[in-house]
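*Asks:* Once you've had a glance at the structure underneath, I'll fire off some questions.
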Amino acid sequence: MPQVHKRTCHICEANCGVLIEVEAGKVLSIKGDPDNPLSRGHICPKGTALQDLQEDPDRLRKPLKRVGSDWHEISFEQAFAEIGEKTRAILARDPGSTAFYVGNPNAHSYGNALNIGFLEKALRTRNKFSASTVDQMPHQVANLRLWGHASMFPIPDADRTQTLVILGGNPMASNGSLWTVPDFRNRMKDLRDRGGELVVIDPRRTETARIADRHLFIRPATDVWFLVALLKAVMARKPHRPVQDFVTGLDEVGALLQRFDCEACGTACGIALPEIERLADRFAAGPAALYGRMGVATQAHGTLNAWLISLINIASGQLDREGGWVFGRPAVDTVSVLPPGSIGKHTSRVSGHRSVLGEFPAAAMAEEIETPGEGQIKALFVVAGNPVLSTPNGSRLAKALESLDLMVSIDIYRNATSAHAHYILPPTGPLERDHYGLFLLPMAARTIAVYSPPTLPQAEGSLHDWEILRGLASAISGESVQAPTPREALDGLLQTGPYALTLQQVEASPSGIDLGPPPTGQLPARLRSASKSVACAIPEFMVCLEELEIPENDDSVISLRLIGRRHLRTNNSWLANSRRLIKGPDRCTVMINPADAERRGIADGATVKVRSSVGEIRLSAEVTEDMMPGTVSIPHGWGHALPGVAMANALGKPGVSVNDITLNEIDPLSGNAALSGIAVEVELA
Numbered sequence: 264m265p266q267v268h269k270r271t272c273h274i275c276e277a278n279c280g281v282l283i284e285v286e287a288g289k290v291l292s293i294k295g296d297p298d299n300p301l302s303r304g305h306i307c308p309k310g311t312a313l314q315d316l317q318e319d320p321d322r323l324r325k326p327l328k329r330v331g332s333d334w335h336e337i338s339f340e341q342a343f344a345e346i347g348e349k350t351r352a353i354l355a356r357d358p359g360s361t362a363f364y365v366g367n368p369n370a371h372s373y374g375n376a377l378n379i380g381f382l383e384k385a386l387r388t389r390n391k392f393s394a395s396t397v398d399q400m401p402h403q404v405a406n407l408r409l410w411g412h413a414s415m416f417p418i419p420d421a422d423r424t425q426t427l428v429i430l431g432g433n434p435m436a437s438n439g440s441l442w443t444v445p446d447f448r449n450r451m452k453d454l455r456d457r458g459g460e461l462v463v464i465d466p467r468r469t470e471t472a473r474i475a476d477r478h479l480f481i482r483p484a485t486d487v488w489f490l491v492a493l494l495k496a497v498m499a500r501k502p503h504r505p506v507q508d509f510v511t512g513l514d515e516v517g518a519l520l521q522r523f524d525c526e527a528c529g530t531a532c533g534i535a536l537p538e539i540e541r542l543a544d545r546f547a548a549g550p551a552a553l554y555g556r557m558g559v560a561t562q563a564h565g566t567l568n569a570w571l572i573s574l575i576n577i578a579s580g581q582l583d584r585e586g587g588w589v590f591g592r593p594a595v596d597t598v599s600v601l602p603p604g605s606i607g608k609h610t611s612r613v614s615g616h617r618s619v620l621g622e623f624p625a626a627a628m629a630e631e632i633e634t635p636g637e638g639q640i641k642a643l644f645v646v647a648g649n650p651v652l653s654t655p656n657g658s659r660l661a662k663a664l665e666s667l668d669l670m671v672s673i674d675i676y677r678n679a680t681s682a683h684a685h686y687i688l689p690p691t692g693p694l695e696r697d698h699y700g701l702f703l704l705p706m707a708a709r710t711i712a713v714y715s716p717p718t719l720p721q722a723e724g725s726l727h728d729w730e731i732l733r734g735l736a737s738a739i740s741g742e743s744v745q746a747p748t749p750r751e752a753l754d755g756l757l758q759t760g761p762y763a764l765t766l767q768q769v770e771a772s773p774s775g776i777d778l779g780p781p782p783t784g785q786l787p788a789r790l791r792s793a794s795k796s797v798a799c800a801i802p803e804f805m806v807c808l809e810e811l812e813i814p815e816n817d818d819s820v821i822s823l824r825l826i827g828r829r830h831l832r833t834n835n836s837w838l839a840n841s842r843r844l845i846k847g848p849d850r851c852t853v854m855i856n857p858a859d860a861e862r863r864g865i866a867d868g869a870t871v872k873v874r875s876s877v878g879e880i881r882l883s884a885e886v887t888e889d890m891m892p893g894t895v896s897i898p899h900g901w902g903h904a905l906p907g908v909a910m911a912n913a914l915g916k917p918g919v920s921v922n923d924i925t926l927n928e929i930d931p932l933s934g935n936a937a938l939s940g941i942a943v944e945v946e947l948a
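See below:
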């Protein structure tokens with residue numbers, strides 16, 4: 264008899280509620296849950312990939328050990344024993360030679376998040392890397408400096424605003440990022456129905472731009488000039504809602520802005536001054552919110568961008584106000600549980616990069632493996648990560664991985680990164696574990712508490728990801744991990760949270776408990792800064808702003824600037840083996856404006872070479888008016904046709920890795936990779 268299980272889809276940040284029909288341990292269908300108060304029945308194509316991942320014959324079910332180029336199935340007991348012995352020997356030779364890398368899927372596993380620290384402690388390492396420094400680290404640095412906590416993320420109050428401006432973000436494809444906002448299309452329809460406006464600013468006419476009331480092209484990696492001009496224009500207006508008295512330092516920022524000419528800033532970024540002035544008028548009237556995401560973070564001024572975005576929301580009177588720039592108040596308040604974060608506690612061995620929130624830049628991982636000397640990385644543990652495809656200059660990293668004495672991957676696939684490992688330890692399938700959106704529900708457009716028990720029973724002999732982490736930690740340290748299970752810990756976190764819920768209460772509402780829109784009036788009480796104030800004139804940021812010089816655009820230069828993109832049917836490199844999502848047209852193309860294509864004799868569908876200063880890739884051209892002239896776009900997460908990869912569907916449509924041509928340049932304030940705006944040449948192959 265078929266049974267319908269209510270669950271949260273945990274593939275992306277949207278956390279949509281789904282209905283999974285199961286019979287005899289087999290999934291029959293996956294549909295949206297209309298009773299989920301956050302997603303409201305919405306589901307995107309990625310939701311069906313839950314079944315694909317669970318049933319994929321290529322998904323690993325048992326640990327693998329590599330001997331030369333051959334792979335052998337072994338037991339977890341054997342794997343733990345051998346890895347523990349080898350790691351202890353490496354630590355004995357050089358205590359600073361271990362490292363680990365944490366990938367994006369860890370944010371979607373609360374059990375993993377609550378247990379990763381045990382492995383870190385056992386390894387006794389300062390060499391921590393993660394996907395954060397090819398993604399959101401600039402936002403977290405700005406959070407730490409402004410609000411006093413790196414995990415205190417402000418979000419647009421989209422359900423109650425009148426003006427929403429999106430800069431370098433594409434929630435129609437991502438369903439929100441650092442902003443859990445499923446059913447985005449209908450939310451924007453509601454915005455329009457109440458007389459509001461959606462404005463998208465992006466070098467590409469994205470899926471979100473296509474539903475917007477207004478789309479403005481912006482030159483890649485020039486967002487800082489747009490933001491400087493907009494902030495200056497906003498500060499020249501008296502906002503309808505006054506700036507709160509706990510906000511300090513705006514006058515100092517305003518004084519520094521006087522050196523910038525707004526018209527010159529507009530010329531530098533490609534947005535005319537009247538458009539900037541128009542936006543400033545909308546923000547002064549309110550309610551309004553400016554949201555920036557991946558496009559603003561992955562550039563040399565990523566942290567300045569994140570800071571300026573918040574200052575615009577603050578100066579226009581939109582902070583902590585209905586329809587403006589608000590903070591979630593989740594059932595599990597991670598801001599109260601996690602440490603606030605620190606900057607500069609350590610420096611990396613080779614290039615002297617300072618640590619940010621305990622991490623070094625992912626862009627520096629290869630050099631830390633390659634460079635001889637005390638502290639050279641000899642043992643690397645990768646937890647649900649694929650940095651060969653997701654971090655800068657991936658081909659260099661792949662070569663470096665071959666020199667390791669020990670590499671261990673916790674992964675469900677033998678992919679471009681785990682293929683280099685000596686051991687691959689696969690966790691249970693996605694429907695065999697429970698779920699709670701520990702890190703994502705705090706950023707939700709509507710506050711809910713929702714818990715998903717396992718949909719399917721745990722396969723015999725398998726281990727959950729958190730059990731693998733504890734097993735490794737015990738094997739390396741020689742001490743058993745004594746701690747509550749994730750479910751027990753979650754119950755405690757809920758009970759001590761703002762609503763004093765129990766896990767039993769939450770589980771009794773499988774579609775979720777509706778706790779309302781993000782509450783306003785939380786500040787200054789919720790601030791984690793010692794002064795309980797928002798100090799806008801952050802010294803380090805002010806110095807960088809003072810050193811900025813407006814670039815002059817040389818129209819005679821015909822080189823192109825590269826940006827990334829994502830698609831609704833992809834999620835970094837992790838869904839490449841989903842038979843449903845991989846079908847259809849080739850999505851790993853280089854998008855190019857018709858004028859740029861004509862100048863180079865490139866026709867739509869032609870194979871072209873895209874070359875940067877560090878490498879070259881070949882792929883099909885997609886000639887489209889959606890691209891701003893002078894700009895090309897290549898998606899990330901492709902390039903699966905590499906030695907050792909065992910993902911049949913992905914190998915059928917492997918694409919190429921854009922990170923074979925990205926540089927190791929970083930934003931100095933956050934260590935984040937500067938992937939946007941790289942100069943490239945495109946020509947017929």
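Using my numbering, read the sequence shown as starting at 264 and increasing by one per residue. Quick reminder that beta carbons are idealized off the backbone N, C-alpha and C, glycines included.
Within 10 angstroms of its Cβ, does ASN449 collect 16 or more other Cβ (buried), or is it exposed?
*Replies:* Within the sequence shown, residue 449 is the residue found at index 186, counting from 1. Its Cβ having fewer than 16 others within 10 Å, ASN449 is exposed.
*Asks:* With distances taken Cα to Cα, identify the nearest neighbour of CYS532 among GLU284, LEU323, ALA492.
*Replies:* Within the sequence shown, residue 532 is the residue found at index 269, counting from 1. If we check each option's Cα against that of CYS532, ALA492 comes out closest.
*Asks:* Please determine if the region 574 to 582 and the region 686 to 699 are in contact, where contact requires at least 3 C-beta pairs separated by less than 8 Å.
*Replies:* No, the region 574 to 582 does not touch the region 686 to 699.
*Asks:* Count Cβ pairs between the region 590 to 601 and the region 775 to 787 that sit closer than 8 Å; are there 3 or more?
*Replies:* Contact holds: three or more Cβ-Cβ distances are below 8 Å.
*Asks:* Thinking C-alpha only, which one of THR471, ALA499, ASP465 is nearest ASP486?
*Replies:* Along the sequence shown, one-based indexing puts residue 486 at 223. Selected option, being the one with the closest Cα: ASP465.
*Asks:* Suppose contacts are defined by Cβ-Cβ distances below 8 Å. Is LEU735 in contact with LEU382 by that definition?
*Replies:* Here residue 735 refers to the residue found at position 472 of the sequence shown. Here residue 382 refers to the residue found at position 119 of the sequence shown. Yes.
*Asks:* Three or more C-beta pairs closer than 8 Å, one from the region 303 to 319 and one from the region 822 to 832: is that the case here?
*Replies:* Yes, the region 303 to 319 is in contact with the region 822 to 832.
*Asks:* Keeping to the same chain, check which residues put their C-beta closer than 7 Å to that of THR718; ignore five residues upstream and five downstream.
*Replies:* Translated into positions along the sequence shown, residue 718 becomes position 455. The answer, listed in chain order, is HIS268, ARG270, ILE283, VAL285, LEU694.
*Asks:* For SER896, which option in ILE845, THR759, ILE941, ALA909 has the closest C-alpha, if you only look at C-alpha atoms?
*Replies:* The count along the sequence shown starts at 1 and reaches residue 896 at position 633. Selected option, being the one with the closest Cα: ILE941.
*Asks:* Can you list the beta strand (DSSP E) stretches of 3 or more residues lying completely in the region 582 to 637, in chain order?
*Replies:* Listed in chain order, the complete beta strand (DSSP E) runs (minimum 3 residues) inside the region 582 to 637 are 588 to 590, 606 to 610, 617 to 619.
*Asks:* Whose C-alpha, out of ARG322, TRP410, ILE474, LEU316, is nearest the C-alpha of GLN785?
*Replies:* Counted from its first residue, the sequence shown places residue 785 at position 522. It is TRP410 whose Cα lies nearest to the Cα of GLN785.
*Asks:* Let me check understanding here. Comparing Cα to Cα, which of LEU701, TYR554, GLU340, LEU291 lies closest to GLY374?
*Replies:* Taking the sequence shown and counting its residues from 1, one reaches residue 374 at position 111. Measuring from the Cα of GLY374, the nearest candidate turns out to be LEU701.
*Asks:* Just mark VAL769 as buried or exposed, buried being the case when its beta carbon has 16 or more other beta carbons within 10 Å.
*Replies:* The residue given as residue 769 occupies position 506 in the sequence shown. Answer is buried; the Cβ neighbour count reaches 16.
*Asks:* From LEU427, ALA708, SER939, LYS391, pick the residue whose C-alpha is nearest to that of ALA625; which is it?
*Replies:* Residue mapping note: residue 625 aligns to position 362 of the sequence shown, counting from 1. Of LEU427, ALA708, SER939, LYS391, the residue nearest in Cα terms is LYS391.
*Asks:* Exposed or buried, GLN341, counting other C-beta atoms within 10 Å across all chains shown (16 or more means buried)?
*Replies:* Taking the first residue of the sequence shown as position 1, residue 341 is located at position 78. Flag for GLN341 reads exposed.
*Asks:* Tell me whether ILE577 sits in a helix, a strand or coil according to DSSP, three-state version.
*Replies:* Within the sequence shown, the letter at position 314 stands for residue 577. In the structure shown, ILE577 sits in a helix (DSSP, three-state: H, G or I).
*Asks:* Helix or strand or just coil, what does DSSP make of ILE855?
*Replies:* Start at 1 with the first residue of the sequence shown, and residue 855 comes out as number 592. DSSP places ILE855 in strand when its eight states are reduced to three.
*Asks:* Just grab the DSSP bridge partners of GLY430 for me.
*Replies:* Your numbering for residue 430 matches position 167 in the sequence shown. Note that residue 430 corresponds to Leu in the displayed sequence, not to Gly. Note: LEU430 sits in a beta bridge opposite ILE464, GLY555.
*Asks:* Along the chain, where does the beta strand (DSSP E) that runs through PHE381 open and close?
*Replies:* Numbered from 1 along the sequence shown, position 118 holds the residue referred to as residue 381. Note, PHE381: premise wrong, no beta strand (DSSP E); alpha helix (DSSP H) at 379 to 386.
*Asks:* Near ALA518, what residues of its chain come up, given a Cβ to Cβ distance below 7 Å and the 5 sequence neighbours on each side ignored?
*Replies:* Locating residue 518 in the sequence shown gives position 255, counting from the first residue. Same-chain partners within the cutoff: there are none.
*Asks:* With respect to the alpha helix (DSSP H) encompassing ILE539, which residues constitute its N-terminal and C-terminal limits?
*Replies:* The residue given as residue 539 occupies position 276 in the sequence shown. Where ILE539 is concerned, the enclosing alpha helix (DSSP H) stretches over 536 to 548.
*Asks:* Grab me the residues of VAL598's own chain with a C-beta within less than 6 Å of its C-beta, minus the 5 sequence neighbours each way, in chain order.
*Replies:* Translated into the one-based positions of the sequence shown, residue 598 becomes position 335. Excluding positions up to five away in sequence, the list reads HIS412, SER414, MET415.
*Asks:* Only counting the same chain, and skipping five residues up and downstream in sequence, which positions put a Cβ closer than 8 Å to that of GLY847?
*Replies:* As a working note, residue 847 is residue 584 in the sequence shown. Contacts found: ARG832.
*Asks:* Give me whichever residues DSSP pairs with ILE801 in a beta bridge.
*Replies:* As a first step, residue 801 is located in the sequence shown; it is residue number 538 there, counting from the start. Looking at the DSSP assignment, ILE801 forms no beta bridge with any residue, so it has no partner.
*Asks:* Between the region 676 to 687 and the region 399 to 408, do at least 3 Cβ pairs fall closer than 8 Å?
*Replies:* At 8 Å Cβ cutoff, the stretches do not touch.
*Asks:* Return the chain-ordered list of same chain residues with a C-beta closer than 7 Å to the C-beta of ASN927, the five sequence neighbours on each side being excluded.
*Replies:* By one-based count along the sequence shown, residue 927 stands at place 664. Counting only Cβ-Cβ distances below 7 Å, and skipping sequence neighbours, we find ALA626, PRO655, ASN656.
*Asks:* Pull up the distance between the alpha-carbon of LYS608 and that of LEU620, whole angstroms please.
*Replies:* Residue mapping note: residue 608 aligns to position 345 of the sequence shown, counting from 1. Residue mapping note: residue 620 aligns to position 357 of the sequence shown, counting from 1. Distance between the alpha carbons of LYS608 and LEU620 is about 9 Å.
*Asks:* Taking all protein chains shown into account, decide if MET910 is buried (16 or more other Cβ within 10 angstroms of its Cβ) or exposed.
*Replies:* Along the sequence shown, read from residue 1 onward, the residue named residue 910 stands at position 647. Its Cβ being crowded by 16 or more others within 10 Å, MET910 is buried.
*Asks:* Would you call the CB atoms of ILE813 and CYS528 closer than 8 Å?
*Replies:* As a working note, residue 813 is residue 550 in the sequence shown. As a working note, residue 528 is residue 265 in the sequence shown. Yes; because the gap between Cβ atoms is below 8 Å, this pair is in contact.
*Asks:* Kindly indicate which three-state DSSP category TRP334 falls into: helix, strand or coil?
*Replies:* Position 71 of the sequence shown, counted from the start, is the residue given in the question as residue 334. Three-state DSSP puts TRP334 in a strand.
*Asks:* What separation, rounded to the nearest whole angstrom, lies between the Cα atoms of ARG504 and MET400?
*Replies:* The residue you call residue 504 lines up with position 241 of the sequence shown. The residue you call residue 400 lines up with position 137 of the sequence shown. Looking at the two C-alpha atoms, the distance is approximately 30 Å.
*Asks:* Does DSSP put VAL285 in a helix, in a strand, or in coil?
*Replies:* Counting from one through the sequence shown, the residue named residue 285 turns up at place 22. Here VAL285 sits in strand by DSSP.
*Asks:* Hey, is the region 856 to 865 in contact with the region 793 to 805, meaning 3+ C-beta pairs nearer than 8 Å?
*Replies:* Short answer: they don't touch.
*Asks:* Can you give the beta carbon distance from ILE924 to MET890, rounded, assuming they're within the 8 Å contact cut?
*Replies:* The count along the sequence shown starts at 1 and reaches residue 924 at position 661. The count along the sequence shown starts at 1 and reaches residue 890 at position 627. Contact doesn't hold; Cβ gap of about 17 Å is too wide.
*Asks:* Quick one: Cα of ARG467 to Cα of VAL919, how far?
*Replies:* Along the sequence shown, read from residue 1 onward, the residue named residue 467 stands at position 204. Along the sequence shown, read from residue 1 onward, the residue named residue 919 stands at position 656. Whole-angstrom Cα-Cα distance: 20 Å.
*Asks:* What is the rounded straight-line gap between the Cα of VAL600 and the Cα of LEU703?
*Replies:* Your numbering for residue 600 matches position 337 in the sequence shown. Your numbering for residue 703 matches position 440 in the sequence shown. Computed Cα separation, rounded: 15 Å.
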